[in-house]
Amino acid sequence: MRLSQASRWTMGVITAIVLAFIYVPLLLVLINSFNSDRAFGWPPKGFTFEWWSRAAQNEGVRAALATSVEVAIVATAVSLVLGTMLALALQRYSFFGKQTINMLAILPIALPGIITGIALNNFFTTIMGLSLSLWTVIIAHATFCMVTVLNNTQARLQQMNSRLEEASADLGAGVFRTFWSVTFPQMRSALLAGGLLSFALSFDEIIVTTFTIGASDQTLPVWILQNLFRPNQAPIVNVVAVFLIVVSIIPIWLAQRLSDNSSLGR
């Protein structure tokens with residue numbers, strides 16, 4: 001379909017407006033992290049690295065960062081195992097209720113975070129009688145991070161030739177040998193992409209985390225929420241926000257590159 005000159009200009013203007021609406025506020029956060037004016041007056045009166053230095057020396061920020069990394073790594077590992085197993089079951093086998101299970105597995109990422117958070121909070125505290133901790137946060141994150149692994153793995157399995165696995169079985173290889181030698185090498189990049197997206201999702205998650213974390217624990221997004229309206233911490237919050245933006249962008253960019261390279265490789 002060929003578009004007229006007017007249509008192309010109109011679409012270009014609309015696209016520019018949408019992108020500006022999304023990214024200009026992020027640019028302001030970046031600029032304010034170097035703004036020497038503690039009240040963030042505009043235009044900035046000067047630029048300084050003082051807030052970055054204070055953020056690096058802040059014990060609360062460093063502890064929250066370590067917690068976020070720990071939670072994201074463990075949640076990603078759990079998601080990779082469960083998402084891969086579920087994708088193989090849904091893609092390679094036929095059984096009663098297959099479509100229902102597929103829908104239920106994807107549902108956590110489609111539900112509003114506050115609904116998921118309240119439901120998991122009730123499950124942990126009321127039904128299971130557990131105290132909220134980092135483990136409850138990890139389990140909560142795995143419920144929606146698993147979806148990214150599931151989707152990536154299912155898409156790759158659909159593109160793979162199942163006859164290679166059948167040939168491996170005919171030659172005497174068992175299920176695990178076939179998976180390790182035939183299936184896994186073909187889906188490795190999809191798993192890596194899904195793992196990177198899972199890490200990014202877990203690292204900057206705030207709503208579900210708020211409902212499932214213990215009172216003595218803090219992730220980096222929770223630290224931001226608790227310090228956002230404290231005047232003395234406002235400049236440091238901007239620095240931490242910029243760090244979160246970068247940490248979120250890098251895994252997504254890498255995952256996109258992996259997906260593009262895999263497509264070219266086929």
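Just so we're aligned: 263 in UniProt numbering is position 263 of the sequence shown, and the numbers increase by one with no gaps anywhere. From the three backbone atoms N, C-alpha and C, an ideal C-beta is built for every residue, glycine too. Given the structure is predicted, the values throughout are model-derived calculations rather than measurements.
Per DSSP, the continuous alpha helix (DSSP H) segment holding Pro-25 begins and ends at 5-32.
Ala-16 counts as exposed, since fewer than 16 other beta carbons sit within 10 angstroms of its beta carbon.
Per the Cβ contact rule, the stretch 130-148 is in contact with the stretch 196-214 (3 or more Cβ pairs under 8 Å). Counting C-beta pairs with one atom in each stretch, the stretch 33-48 and the stretch 235-242 have three or more that are closer than 8 Å, which means they touch.
Going by beta carbons, Leu-228 and Val-237 fall inside the 7 Å limit. By the neighbour-count criterion, in which 16 or more other beta carbons inside 10 Å mark a residue as buried, Val-18 falls on the exposed side. When C-beta atoms of the stretch 62-82 are compared with those of the stretch 146-157, three or more pairs fall below 8 Å, so the two segments count as touching.
A buried status is given to Glu-165, since no fewer than 16 other beta-carbon atoms sit within 10 Å of its beta-carbon.
Assignment of beta-bridge partners to Asn-35 by DSSP yields Phe-47. Distance between Phe-184 and Met-103, taken at the CA atoms: about 25 Å. About 5 Å separates the beta carbon of Phe-124 from that of Thr-136, a gap short enough to meet the 8 Å contact definition.
In the displayed model, Pro-231 falls within coil according to three-state DSSP, outside both helix and strand. By the CB criterion at 7 Å, Thr-100 and Thr-153 fall outside the cutoff.
Cβ contact annotation for Pro-44 (same chain, cutoff 8 Å, sequence separation greater than five): Ile-31, Asn-32, Phe-34, Asn-35, Ser-36 and Asp-37, in chain order.
Taking each of Val-182, Arg-177 and Val-175 in turn and checking the Cα distance to Asn-161, the smallest one comes out for Val-182.
In this structure, Thr-219 sits near Thr-67, with a CB-CB distance shorter than 7 Å.
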